[in-house]
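**Q** Handing you this structure, nothing more for now.
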Amino acid sequence: MIFKLDILYFFVPVVFLNAQVNTTVLGNLPDDVPESSGLIFYNDRLITHNDSGNLPQLYEIDPLSLNVLRIVTINNAVNVDWEDITQDDTFIYIGDFGNNTGNRQDLSIYRVPKSEYDQNNSVNAERINFSYEDQSDFSSNQNSDWDAEAMVNFNDQLLLFTKQWQTEGTVAYSIPKTPGTYSAKNLGFYDVSGLVTGATYNKLSYVLMLVGYSSQLQPFVVRLDGPDTNFSFNGSAEKQSLGIGFAQVEGITYSDSNTYYVSSERFQNTTPAINLASQLFTFKTNDSSSQEETDKVENNLIIYRPFGSNELQYDLNSNAPLYGRAIFDITGKRVRYINGTLIENNSIDLSGLGSAVYYLTFYLQGETISKPFILE
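Just add 12 to wherever you are in the sequence shown, counting from 1, and you've got the working numbering.
Right, dumping it as structure tokens:
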């Protein structure tokens, strides 16, 4: 949802977090999704949607070219205020629970079978209706604490995280994943000191990530490691700046145990004049899902450089289709990229790269393989 943050009318000093994620800007999102509000990674594509008042459609985006590859319409749905999307092995869940004024009594989640989604460009959805167990006041108040923009699939339930405009915290709520009408269960409050707008649970590394921004439009990510099966905010939670300047970040998802994508909405303001495009970002962590995954990378990718040579040689042992090859520096910046169809041999010219640690990365169907190398 495009809106104005009143605090931007004043030139107040921005307070940055001490810790910062090494985030890379991948580019502007297509014009079809100026208000990207949620993200999932499915079938090697990013799936996103616009928020309030837009068409009830899902957009599949190539994470490399950022082109829209497919649009799927949800026939029996209305986009009152779609705010996030999540998935499990069988279904895609779309959260229609944006509630800035706190007076909505039609909060819902649309459930789309993947078996139907994969085969058709228009599908029907089942509906999960809910209300908050502890909300009794439904009067209209701008920037309410009953707004929500984040949802994950976790331990056979859906977790929602509120965007509390007044207290700048978030409350986690639990909702069943089956169609019906429910009272969402309060699982606890977290003082995030900001506005939570998106979430993802990485089942490969057991990490929950929340994204949002401060009242000065400074994006952040909150990491919770190994949340317990009943979920609570007890334990370690680390908040870090995304380090991308002003941005209205809205969606987050993962593609493997340590690779995340973040989307932002277009943001426009008149005084002072601010015009931010809808963009896609990525960052990496040091997580690994298991020793088995580490061993798999070691066995599938071997890299070496002959003494005195400016060329890196590699052996990639995989039968999966190769979409692209990249080199990242240690900050997460992509310094080289070539489309898979243009790769002619297993040799890479390293001329022009300075002495540093780099990561050679391959984008394959169903997985991403990355391995570090040192250039001295």
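Where is the CB? At the ideal position from N, CA and C, for every residue including glycine.
Nearest-angstrom Cα distance between I59 and L51?
**A** About 6 Å.
**Q** Excluding the five sequence neighbours on either side, which residues of its own chain have a C-beta within less than 7 Å of the C-beta of L362, listed in chain order?
**A** Excluding residues within five positions, the ones whose Cβ falls inside 7 Å are N322, E323, L324, L387.
**Q** Quick one: using the 10 Å Cβ neighbour count with 16 as the cut-off for buried, is A162 buried or exposed?
**A** Its Cβ being crowded by 16 or more others within 10 Å, A162 is buried.
**Q** Using a Cβ distance threshold of 8 Å, determine whether the stretch 152-161 contacts the stretch 132-143, with at least three qualifying pairs required.
**A** Segments in contact, no.
**Q** Give me the Cα-Cα distance between K16 and H61, rounded to the nearest whole angstrom.
**A** Bear in mind that a pLDDT of 41 at K16, under 50, signals an unreliable position, so the number given afterwards is only what the model happens to contain. In a straight line, the C-alpha of K16 is about 21 Å away from that of H61.
**Q** T241 by DSSP, collapsed to three states: which one?
**A** Three-state result, T241: coil.
**Q** By the 10 Å Cβ neighbour count, where 16 or more other Cβ atoms means buried, how is S48 classified, buried or exposed?
**A** Label assigned to S48: buried.
**Q** When DSSP labels each residue in this structure, what does K175 get in the three-state scheme?
**A** Of the three classes helix, strand and coil, the one that applies to K175 here is coil, per DSSP.
**Q** I believe N312 touches I256 by the beta-carbon criterion, under 8 Å. Please report the beta-carbon distance rounded to the nearest angstrom.
**A** Incorrect: roughly 32 Å between the Cβ atoms, too far for contact.
**Q** I need the DSSP call for K251, collapsed to helix, strand or coil.
**A** In the structure shown, K251 sits in a strand (DSSP, three-state: E or B).
**Q** In this structure, how does DSSP classify E356 when only helix, strand and coil are distinguished?
**A** E356 falls in the coil class under three-state DSSP.
**Q** Among L81, I106, P75, D101, which has the Cα closest to the Cα of D93?
**A** For D93, the nearest C-alpha among the options comes from I106.
**Q** Going by beta carbon distance, what residues of the same chain come within less than 8 Å of F103, once the five residues before and after it are set aside?
**A** So the qualifying residues of the chain are R123, V124, P125, K126, K189.
**Q** Tell me, which residues are paired with D341 by DSSP?
**A** In the DSSP output, where bridge partners are listed per residue, D341 has Y370.
**Q** Would you mind sorting L236 into buried or exposed? The rule is 16 or more other CB atoms within 10 Å of its CB.
**A** Buried is the call here.
**Q** Can you tell me where the beta strand (DSSP E) holding E180 begins and where it ends?
**A** Note, E180: premise wrong, no beta strand (DSSP E); not H, not E.
**Q** Determine the burial state of N112: buried for a count of at least 16 other Cβ atoms within 10 Å of its Cβ, exposed for fewer.
**A** Label assigned to N112: buried.
**Q** Answer yes or no: do V80 and I73 have a C-beta to C-beta separation smaller than 8 Å?
**A** Result yes, Cβ atoms of V80 and I73 sit closer than 8 Å.
**Q** For the stretch 119-183, list the alpha helix (DSSP H) runs that are entirely contained and at least 4 residues long, ordered along the chain.
**A** If we require 4 residues or more, the alpha helix (DSSP H) runs fully inside the stretch 119-183 come out as 126-129.
**Q** Report the CB separation of A160 from L172 in whole angstroms; it is logged as a contact under 8 Å.
**A** About 5 Å; that satisfies the 8 Å criterion.
**Q** Assuming F3 and I286 are in contact, meaning their beta carbons sit under 8 Å apart, how far apart are those beta carbons, in whole angstroms?
**A** Because residue 3 is not part of the residues shown, which for the chain are 13 to 388, the question remains open.
**Q** Count the other CB atoms within 10 Å of the CB of S244; is the residue buried (16 or more) or exposed (fewer)?
**A** By the 10 Å Cβ count, S244 comes out exposed.
**Q** Would L376 pass as a contact of P318 if the rule is Cβ separation under 8 Å?
**A** Cβ atoms of L376 and P318: not closer than 8 Å.
**Q** Nearest by alpha-carbon distance to Y194: which of S186, N167, N88 is it?
**A** Checked all of S186, N167, N88; the closest Cα to Y194 is S186.
**Q** What's the C-alpha gap between N331 and D101?
**A** In a straight line, the C-alpha of N331 is about 24 Å away from that of D101.
**Q** Which of helix, strand or coil does DSSP assign to N246?
**A** Of the three classes helix, strand and coil, the one that applies to N246 here is coil, per DSSP.
**Q** Could you tell me if F22 is buried or exposed, where buried requires 16 or more neighbouring beta carbons within 10 angstroms of its beta carbon?
**A** Unreliable placement is indicated for F22, whose pLDDT of 29 sits below 50; the coordinate value is still reported in the next sentence. It is exposed - the Cβ of F22 has fewer than 16 other Cβ atoms within 10 Å.
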